[in-house]
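Everything in the first sequence is counted per the working numbering, starting at 4 for the first residue and increasing by one. C-beta atoms are modelled at their ideal positions from N, C-alpha and C, and glycine is treated no differently. Heads up, the thing below is written out as structure tokens.
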Amino acid sequence: MPELPEVETYVRELEPELRGRTITGAAVTWPRTIAAPHADAFPAMATGQCFARFHRRGKYMLLGMESGDTLIVHLRMTGKLQVKPGDAEADRHTHVRFGLDDGRQLHFHDTRKFGRIWLVADTQPVLAKLGPEPFADEFSVAELGKRLAGRRAAVKGLLLDQSIVAGVGNIYADEALFLAQIAPQRPGGDLNEAELRAVRDSVRQVLGRAIELRGSSLGDSALQNYLRPGGEQGGFQLEHNVFRRTGEPCPVCGTPIRRIVIAQRSTHYCPHCQK
DNA sequence: ATAAGGCCCTGACCGC
DNA sequence: TGCGGTCAGGGCCTTA
4 MPELPEVETY VRELEPELRG RTITGAAVTW PRTIAAPHAD AFPAMATGQC FARFHRRGKY
64 MLLGMESGDT LIVHLRMTGK LQVKPGDAEA DRHTHVRFGL DDGRQLHFHD TRKFGRIWLV
124 ADTQPVLAKL GPEPFADEFS VAELGKRLAG RRAAVKGLLL DQSIVAGVGN IYADEALFLA
184 QIAPQRPGGD LNEAELRAVR DSVRQVLGRA IELRGSSLGD SALQNYLRPG GEQGGFQLEH
244 NVFRRTGEPC PVCGTPIRRI VIAQRSTHYC PHCQK
């Protein structure tokens, strides 16, 4: 599932492909994909726009246009944004197609149909609720402590809350808590300063390494839920310590990795190393 | 304010 | 082989 490292990879790899290209047309075949403007108005608003600089905020891709508008793309579970040859067919899971002035196409493909696209002049309303970027100074130990203070919910669930820190999803929450040696079911408000620092540092470490390896691709055959824009796999799945390794030995102590459910999400951890 | 549960979707997978 | 039921999972919405 695309989280911050996967979205960062998309932004880095798509910008050189698309920058300077002009959209010559757009077709929407699953209207709910378009969050704004209304799907009926989307093709006309997109047509004629030229791609400029790309950015990322949390798990949102921000494709800046020369006009100042921004095409915001959230891949959610299974979304993919891929540049294709001009004669590429749209399969049943391709819900938005853009024509480009170099003859190629840009396809938004999404098996689960949870992904969303906005084309807006002002990104602020879409991004307003997001917490700090993990690599920003604003994601300090003190700030994290303030956001977790008094919270009784499990720290794992709180790491998935995008208003606490932006960009962490199920894979990286589990991997960060393993590195931090914190049990995922611990109430967030119970962490002391050293533990908060361990969580903060581990989130950065795991996301940074995953960006270097261009994300995690999990082998779910047809549901292969993350591929880079060119269709290649990322490499961080080879370094997962706990995620989807239930029953396998902990790489540190050998205790079998345990799977539990927290906040309706599968959670994987080492019951010996994580206190 | 916080927490918990439902919902959107589809394909994989399981048991019979 | 075929079929029905269950599950995963991010973000948003509703309910308590």
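Hey, residue i and residue j are a contact pair by Cβ (cut 8 Å); roughly how many whole angstroms apart?
i      : j      : result
Val31  : Val99  : 5 Å
Ile37  : Val76  : With 8 Å as the limit, Ile37 and Val76 do not qualify as a contact, their Cβ atoms being about 11 Å apart.
Ala183 : Phe101 : Incorrect: roughly 41 Å between the Cβ atoms, too far for contact.
Ala176 : Arg60  : No, Ala176 and Arg60 are not in contact; Cβ-Cβ is about 19 Å, not under 8 Å.
Thr73  : Gly82  : Wrong, their Cβ atoms sit about 17 Å apart, outside the cutoff.
Met4   : Gly234 : Going by Cβ atoms, the distance from Met4 to Gly234 rounds to 17 Å, so no, they are not a contact pair.
Pro8   : Gly218 : 5 Å
Gln85  : Pro232 : 6 Å
Arg24  : Leu122 : The pair is not a contact, with the Cβ atoms about 16 Å apart (cut-off 8 Å).
Phe45  : Leu17  : Contact doesn't hold; Cβ gap of about 19 Å is too wide.
Ile185 : Gln277 : 6 Å
How about residue i: is its Cβ closer than 7 Å to a heavy atom in the ligand MG?
i     : result
Pro19 : For the ligand MG, the structure offers nothing, since it holds no ligand at all.
Can you tell me whether residue i is helix, strand or coil according to DSSP?
i      : result
Gly82  : strand
Ser219 : coil
Gly148 : helix
Val158 : helix
Gln108 : strand
Thr249 : coil
Thr97  : strand
Tyr175 : helix
Val76  : strand
Leu122 : strand
Gly211 : helix
Ser205 : helix
Gly89  : coil
Gly234 : coil
Leu241 : helix
Leu1   : What the structure shows of the chain is the stretch from 4 to 278, and residue 1 is not part of that stretch, so it cannot be assessed.
Going by the DSSP bridge assignment, what does residue i pair with across the sheet?
i      : result
Gly23  : The partner list for Gly23 (beta bridge, DSSP) is empty, contrary to what the question assumes.
Asp113 : Gly82
Pro190 : Ala157
Ile260 : The partner list for Ile260 (beta bridge, DSSP) is empty, contrary to what the question assumes.
Leu66  : Phe57, Leu74
Please determine if the region 251-269 and the region 146-165 are in contact, where contact requires at least 3 C-beta pairs separated by less than 8 Å. Judged by Cβ distances under 8 Å, the region 251-269 makes contact with the region 146-165, as three or more pairs qualify.
The region 205-218 touching the region 238-252, judged by at least three CB pairs closer than 8 Å: Result yes; three or more Cβ-Cβ pairs closer than 8 Å.
Within the chosen definition, does the region 251-259 reach the region 142-157 through at least 3 CB pairs nearer than 8 Å? The region 251-259 makes no contact with the region 142-157: fewer than 3 CB pairs, one atom from each, lie closer than 8 Å.
Okay, do the region 198-209 and the region 136-148 touch, 3+ Cβ pairs below 8 Å being the bar? Between the region 198-209 and the region 136-148, the count of Cβ pairs shorter than 8 Å is three or higher; the stretches touch.
Enumerate, from N- to C-terminal direction, the unbroken beta strand (DSSP E) stretches of 3 or more residues contained entirely within the region 8-57. The region 8-57 is shown to contain whole beta strand (DSSP E) runs of 3 or more residues at 26-31, 37-39, in chain order.
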